[in-house]
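Asks: Would you mind keeping the following structure in view while I ask a few things?
Number of protein chains: 2
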Amino acid sequence: MGDNKTNHRSTSRVLDILELISNGNNEGYTLTEIASKLNVPKSSLFPMLHTLLDRQYLSLDANQGKYCIGMMLFQVGSSYLDNFNIMNDITTELQNITNVCAEASHFAILNNGNIIYLAKIDSPEPIRMISSVGKSLPAYGTGLGKSLLMDHSINELRRLYPDGLKPMTQYTVTDFDLLDEQLSKARQCGFAYEVEESNLYIRCISIPIRQNNKIVAAISVAVPTFRYTQEKADLIQHLLLNAKHRLESILKTIYVDFNNLT
Amino acid sequence: MGDNKTNHRSTSRVLDILELISNGNNEGYTLTEIASKLNVPKSSLFPMLHTLLDRQYLSLDANQGKYCIGMMLFQVGSSYLDNFNIMNDITTELQNITNVCAEASHFAILNNGNIIYLAKIDSPEPIRMISSVGKSLPAYGTGLGKSLLMDHSINELRRLYPDGLKPMTQYTVTDFDLLDEQLSKARQCGFAYEVEESNLYIRCISIPIRQNNKIVAAISVAVPTFRYTQEKADLIQHLLLNAKHRLESILKTIYVDFNNLT
DNA sequence: ATATTGCGTTCGTATATACGAACAAAATAT
DNA sequence: ATATTTTGTTCGTATATACGAACGCAATAT
Numbered sequence: 166m167g168d169n170k171t172n173h174r175s176t177s178r179v180l181d182i183l184e185l186i187s188n189g190n191n192e193g194y195t196l197t198e199i200a201s202k203l204n205v206p207k208s209s210l211f212p213m214l215h216t217l218l219d220r221q222y223l224s225l226d227a228n229q230g231k232y233c234i235g236m237m238l239f240q241v242g243s244s245y246l247d248n249f250n251i252m253n254d255i256t257t258e259l260q261n262i263t264n265v266c267a268e269a270s271h272f273a274i275l276n277n278g279n280i281i282y283l284a285k286i287d288s289p290e291p292i293r294m295i296s297s298v299g300k301s302l303p304a305y306g307t308g309l310g311k312s313l314l315m316d317h318s319i320n321e322l323r324r325l326y327p328d329g330l331k332p333m334t335q336y337t338v339t340d341f342d343l344l345d346e347q348l349s350k351a352r353q354c355g356f357a358y359e360v361e362e363s364n365l366y367i368r369c370i371s372i373p374i375r376q377n378n379k380i381v382a383a384i385s386v387a388v389p390t391f392r393y394t395q396e397k398a399d400l401i402q403h404l405l406l407n408a409k410h411r412l413e414s415i416l417k418t419i420y421v422d423f424n425n426l427t
Numbered sequence: 166m167g168d169n170k171t172n173h174r175s176t177s178r179v180l181d182i183l184e185l186i187s188n189g190n191n192e193g194y195t196l197t198e199i200a201s202k203l204n205v206p207k208s209s210l211f212p213m214l215h216t217l218l219d220r221q222y223l224s225l226d227a228n229q230g231k232y233c234i235g236m237m238l239f240q241v242g243s244s245y246l247d248n249f250n251i252m253n254d255i256t257t258e259l260q261n262i263t264n265v266c267a268e269a270s271h272f273a274i275l276n277n278g279n280i281i282y283l284a285k286i287d288s289p290e291p292i293r294m295i296s297s298v299g300k301s302l303p304a305y306g307t308g309l310g311k312s313l314l315m316d317h318s319i320n321e322l323r324r325l326y327p328d329g330l331k332p333m334t335q336y337t338v339t340d341f342d343l344l345d346e347q348l349s350k351a352r353q354c355g356f357a358y359e360v361e362e363s364n365l366y367i368r369c370i371s372i373p374i375r376q377n378n379k380i381v382a383a384i385s386v387a388v389p390t391f392r393y394t395q396e397k398a399d400l401i402q403h404l405l406l407n408a409k410h411r412l413e414s415i416l417k418t419i420y421v422d423f424n425n426l427t
């Protein structure tokens, strides 16, 4: 929880409530659960929760007394994407990629060492990766993240992850030197790769999107290992490269301030 | 602004701020603009806005001093869709529809007489409707909305829209009797239609999704009038009907409490 | 049936927030 | 360059919120 200088207790608590519920299992939490998890008296939470209910930022589970994320929070939060006036172009590119290679494609930005998925097109195939718009993952363990970290020096990486690189699977790169080496290679060939480092049985190929020569986003294609072949990898790289070029040329004409958005 | 019994001022103000910014032009607002629009002293907003900034629920426009919707609000809000454990199935169906007919497809639910778009697949064609996930529109003026209102009686409609039906375009149905008549026809044939009632030059065909014989959601295809032909309409109705059947059979096996979510 | 645990809710007072005015800092106008 | 307007910021006190304890109520356990 933010221990910065400026801190308005009521506001922080509202956000604490929303984050607690959104990060939890989506069964929701009761008032007393929230109170104990946030170390806030029930009586203080009571009027806040009811205001959030009235305004539909939370909803009360019919089963009994479990507070869940409400529709208004979704509506208000969705307007974040209005900042990206190229969102339509991005989904069009992803759509095209997935149409051709039949695998899921993603668009993400970097925030404090984590990737945030902003758009996703599902594979038409029945076996799919579980990933969703709005979710975040540590960048170092994902293909998308390696694209976004591509220009980082090893010192910047160490500063970004002061607690080290925690494994997400048995294949996650947890050594800074090895990660740095992979990023060097990625810088040379233009693509970043992930082999079951964030999800078992999933490989990923990714490419960064630059604006004024600075990496501002990345796109990727994720492939189950059993569908992964060299021919498919070649095809995906070709698709990613084309999409990258089109998006980067759009970024030259349209103003999108990525710096402001992360 | 909610004028209900339970009302926690600080919480309400946080929500007022978020809603104001999310509904506005996405240039954002300055502190003083927010203060005057919400009738709240600047000095009261100051600590709140800074807490929201620190927590990345808002971001400060680089230009100068304009508060915009931040990334954390997007992340937290996105988790609303976790409630719908059939979201993947829904997007798959929409994907399929759009692949075949080459027009944009949507999925929406009803909330207080408004439709909320929860998923959308863009048309591959260059000329597209402007509609986005998380946005809401009055149900009576949209194809999706008419599907969602299909089972409503004229009295229920009058209660739902006590201030009458306000026109969105020159073709919007603003008469309760005419709307009721259209809904009756829709109930008979199973489909709801919209002809330039919410957006000029856009027509829409829609079908409701039922759970336990109760309408809980709707899917639609939107078509620019100049691309609209009877053959295409027939194709779209066929696609919608198939998708409806598949989604409804999924809803029989998976538990999704739509009542709780609106 | 009775005790027990856990939940949401209410209430009076201590305390932290909200207010308005005054201030500082920047942008615009003169 | 100076005046003027508009912005963000600080501060002391009035006031509304936060707290803990006690209450009522339901569900489970005995």
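Chains as they are written, first to last, in the numbering used here: chain P, 166 to 427; chain Z, 166 to 427.
Yeah, the Cβ is synthetic: ideal placement off N, Cα and C, and Gly gets one too.
Answer yes or no: does any C-beta atom of chain P fall closer than 8 angstroms to that of residue 310 (chain Z)?
Replies: In the second sequence, counting from the first residue as 1, residue 310 (chain Z) sits at position 145. Output row for residue 310 (chain Z): interface = no.
Asks: Check the Cβ-Cβ distances between residue 303 (chain P) and every residue of chain Z, and say whether any is below 8 angstroms.
Replies: As a working mapping, residue 303 (chain P) is identified with position 138 in the first sequence. For residue 303 (chain P), the answer is no, since every Cβ of chain Z falls outside 8 angstroms of its Cβ.
Asks: How far does the alpha helix (DSSP H) with residue 413 (chain Z) in it extend, from its first residue to its last?
Replies: In the second sequence, residue 413 (chain Z) corresponds to position 248, counting from 1. Segment 395–418, the alpha helix (DSSP H) holding residue 413 (chain Z).
Asks: Measuring alpha carbon to alpha carbon, tell me which residue in P:187, P:382 and P:351 is nearest residue 284 (chain P).
Replies: Taking the first residue of the first sequence as position 1, residue 284 (chain P) is located at position 119. Here the closest residue by C-alpha is P:382.
Asks: Closer than 9 angstroms between beta carbons: that is the criterion. Which residues of the region 223–243 of chain P meet it against chain Z?
Replies: Listed by position, the residues of the region 223–243 of chain P near chain Z (Cβ gap below 9 angstroms) are 224, 225, 226, 227, 228, 233, 234, 235, 236, 237, 238, 239, 240, 241, 242 and 243.
Asks: Identify the contact partners of residue 180 (chain P) in chain Z, using a Cβ-Cβ distance below 7 angstroms as the criterion.
Replies: The residue labelled residue 180 (chain P) in the question sits at position 15 within the first sequence. Chain Z residues near residue 180 (chain P): 220 and 222.
Asks: Which stretch, first to last residue, makes up the alpha helix (DSSP H) that contains residue 311 (chain P)?
Replies: Counting from 1 along the first sequence, the entry for residue 311 (chain P) is found at position 146. That run of the alpha helix (DSSP H) goes 308–313.
Asks: Are there 16 or more other CB atoms within 10 angstroms of the CB of residue 419 (chain Z), so buried, or fewer, so exposed?
Replies: In the second sequence, the residue the question calls residue 419 (chain Z) occupies position 254. So residue 419 (chain Z) ends up on the exposed side.
Asks: Between the region 256–275 of chain Z and chain P, which residues of the former have CB atoms less than 9 angstroms from a CB of the latter, in chain order?
Replies: Cβ contacts with chain P come from 256, 257, 260, 261, 263, 264 and 274.
Asks: Between residue 281 (chain P) and residue 243 (chain P), what straight-line distance do the alpha-carbon atoms span, to the nearest angstrom?
Replies: In the first sequence, counting from the first residue as 1, residue 281 (chain P) sits at position 116. In the first sequence, counting from the first residue as 1, residue 243 (chain P) sits at position 78. The alpha-carbon atoms of residue 281 (chain P) and residue 243 (chain P) are separated by roughly 14 angstroms.
Asks: Taking its Cβ as the centre, do 16 or more other Cβ atoms sit within 10 Å of residue 332 (chain P), making it buried, or is it exposed?
Replies: Translated into the one-based positions of the first sequence, residue 332 (chain P) becomes position 167. Exposed, since its Cβ has fewer than 16 Cβ neighbours within 10 Å.
Asks: Listed from N- to C-terminal order along the chain, which residues in the region 353–387 of chain Z have their beta-carbon within a distance smaller than 8 angstroms of any beta-carbon of chain P?
Replies: The residues in question: there are none.
Asks: Flag residue 208 (chain P) as yes if its beta-carbon sits less than 8 angstroms from any beta-carbon of chain Z, otherwise no.
Replies: What you label residue 208 (chain P) is simply residue 43 of the first sequence in a count that begins at 1. Answer no: the Cβ-Cβ gap between residue 208 (chain P) and chain Z never drops below 8 angstroms.
Asks: How about residue 405 (chain Z) and residue 386 (chain Z): are their beta carbons less than 8 angstroms apart?
Replies: Here residue 405 (chain Z) is taken as the residue at index 240 of the second sequence, counted from 1. Here residue 386 (chain Z) is taken as the residue at index 221 of the second sequence, counted from 1. It is a contact, given that the beta carbons lie within the stated cut-off.
Asks: Between which residues of its own chain and residue 434 (chain Z) is the CB-CB distance below 8 angstroms, once the five residues before and five after are set aside?
Replies: Beyond the ends of chain Z as shown, which are 166 and 427, falls residue 434 (chain Z); an answer cannot be given.
Asks: What does residue 187 (chain P) reach in chain Z if we use C-beta pairs closer than 7 angstroms?
Replies: Counting from one through the first sequence, the residue named residue 187 (chain P) turns up at place 22. Those within 7 angstroms of residue 187 (chain P) in chain Z are 241 and 244.
Asks: Can you list, in chain order, the residues of its chain with a C-beta nearer than 6 angstroms to that of residue 357 (chain P)? Leave out the 5 residues immediately preceding and following it.
Replies: The residue labelled residue 357 (chain P) in the question sits at position 192 within the first sequence. So the list reads 308, 311, 312, 351 and 371, once near-sequence residues are dropped.
Asks: With a Cβ-Cβ cutoff of 8 angstroms, do residue 334 (chain P) and residue 359 (chain P) count as a contact?
Replies: As a first step, residue 334 (chain P) is located in the first sequence; it is residue number 169 there, counting from the start. As a first step, residue 359 (chain P) is located in the first sequence; it is residue number 194 there, counting from the start. No, these two residues do not count as a Cβ contact at 8 angstroms.
Asks: Output yes if chain Z places a C-beta closer than 8 angstroms to the C-beta of residue 212 (chain P); else output no.
Replies: Position 47 of the first sequence holds residue 212 (chain P). Judged by the 8 angstroms Cβ criterion, residue 212 (chain P) is in contact with chain Z.
Asks: Any beta-carbon of chain Z closer than 8 angstroms to the one on residue 114 (chain P)?
Replies: Nothing about residue 114 (chain P) can be read from this structure; chain P reaches only from 166 to 427.
Asks: Of the choices Z:303, Z:336, Z:345 and Z:297, whose alpha-carbon is the least far from that of residue 319 (chain Z)?
Replies: Residue mapping note: residue 319 (chain Z) aligns to position 154 of the second sequence, counting from 1. Closest option to residue 319 (chain Z), Cα to Cα, is Z:345.
Asks: Which two residues bound the contiguous beta strand (DSSP E) that contains residue 367 (chain P)?
Replies: To locate residue 367 (chain P), count along the first sequence from 1; it is residue 202. 367–376 is the extent of the beta strand (DSSP E) around residue 367 (chain P).
Asks: Using CA coordinates, which residue listed in Z:354, Z:336, Z:323 and Z:328 is at the minimum distance from residue 342 (chain Z)?
Replies: As a position in the second sequence, residue 342 (chain Z) is number 177, starting the count at 1. The shortest C-alpha separation from residue 342 (chain Z) is found at Z:323.
Asks: For residue 168 (chain Z) and residue 213 (chain P), what's the separation of their Cα atoms in angstroms?
Replies: If you number the second sequence from 1, residue 168 (chain Z) lands on position 3. If you number the first sequence from 1, residue 213 (chain P) lands on position 48. Residue placement at residue 168 (chain Z) cannot be trusted, given a pLDDT of 36 that sits under 50; what the coordinates show is reported in the next sentence. Near 14 angstroms, if we compare the C-alpha coordinates of residue 213 (chain P) and residue 168 (chain Z).
Asks: So, under 8 angstroms CB-CB, residue 299 (chain Z) and residue 239 (chain P) are touching, yes? Tell me the CB distance rounded to an integer number of Å.
Replies: Stepping through the second sequence from its first residue, residue 299 (chain Z) is reached at position 134. Stepping through the first sequence from its first residue, residue 239 (chain P) is reached at position 74. Yes, residue 299 (chain Z) and residue 239 (chain P) are in contact; Cβ-Cβ is about 6 angstroms, under 8 angstroms.
Asks: Classify residue 273 (chain P): buried if its beta carbon has 16 or more other beta carbons within 10 angstroms, exposed otherwise.
Replies: As a first step, residue 273 (chain P) is located in the first sequence; it is residue number 108 there, counting from the start. Buried, because 16 or more other Cβ atoms sit within 10 Å of the Cβ of residue 273 (chain P).
Asks: Note down the Cα distance separating residue 391 (chain Z) from residue 367 (chain Z), rounded to an integer number of angstroms.
Replies: Taking the second sequence and counting its residues from 1, one reaches residue 391 (chain Z) at position 226. Taking the second sequence and counting its residues from 1, one reaches residue 367 (chain Z) at position 202. Answer to the nearest angstrom: the Cα atoms are 9 angstroms apart.
Asks: Among P:264, P:252, P:269 and P:192, which residue has its Cα nearest to the Cα of residue 369 (chain P)?
Replies: Here the question's residue 369 (chain P) lines up with position 204 in the first sequence. Per the Cα distances, P:269.
Asks: Along chain P, which residues have their Cβ under 9 angstroms away from the Cβ of residue 289 (chain Z)?
Replies: Position 124 of the second sequence, counted from the first residue, corresponds to residue 289 (chain Z). Result: 257, 260, 261 and 264.
Asks: In chain Z, what lies closer than 9 angstroms to residue 399 (chain P) by C-beta?
Replies: Residue mapping note: residue 399 (chain P) aligns to position 234 of the first sequence, counting from 1. Ordered by position in chain Z, no residue passes the 9 angstroms Cβ test against residue 399 (chain P), which lies about 24 angstroms from the chain.
Asks: Grouping DSSP H, G and I as helix and E and B as strand, with all else coil, what is residue 172 (chain P)?
Replies: For the purposes of this step, residue 172 (chain P) is taken as the residue at position 7 of the first sequence. Coil, per DSSP.
Asks: Identify the continuous beta strand (DSSP E) that holds residue 345 (chain P) and give its terminal residues.
Replies: The residue labelled residue 345 (chain P) in the question sits at position 180 within the first sequence. Per DSSP, residue 345 (chain P) belongs to no beta strand (DSSP E); it is in the alpha helix (DSSP H), 341–354.
Asks: May I ask you to list, following chain order, the residues of the region 322–356 of chain Z that have a beta carbon less than 7 angstroms from some beta carbon of chain P?
Replies: Against chain P - using a Cβ distance shorter than 7 angstroms - the region 322–356 of chain Z contributes no residues.
Asks: Per DSSP, which residues does residue 274 (chain Z) bridge with? Please list them.
Replies: The sequence position of residue 274 (chain Z) within the second sequence is 109, counting from 1. Per DSSP, Z:281.
Asks: Would you call the CB atoms of residue 248 (chain Z) and residue 233 (chain P) closer than 8 angstroms?
Replies: Taking the first residue of the second sequence as 1, we reach residue 248 (chain Z) at position 83. Taking the first residue of the first sequence as 1, we reach residue 233 (chain P) at position 68. Contact flag set, yes.
Asks: Measuring CA to CA, which of P:205, P:173 and P:260 is closest to residue 185 (chain P)?
Replies: Counting from one through the first sequence, the residue named residue 185 (chain P) turns up at place 20. Closest by alpha carbon: P:205.
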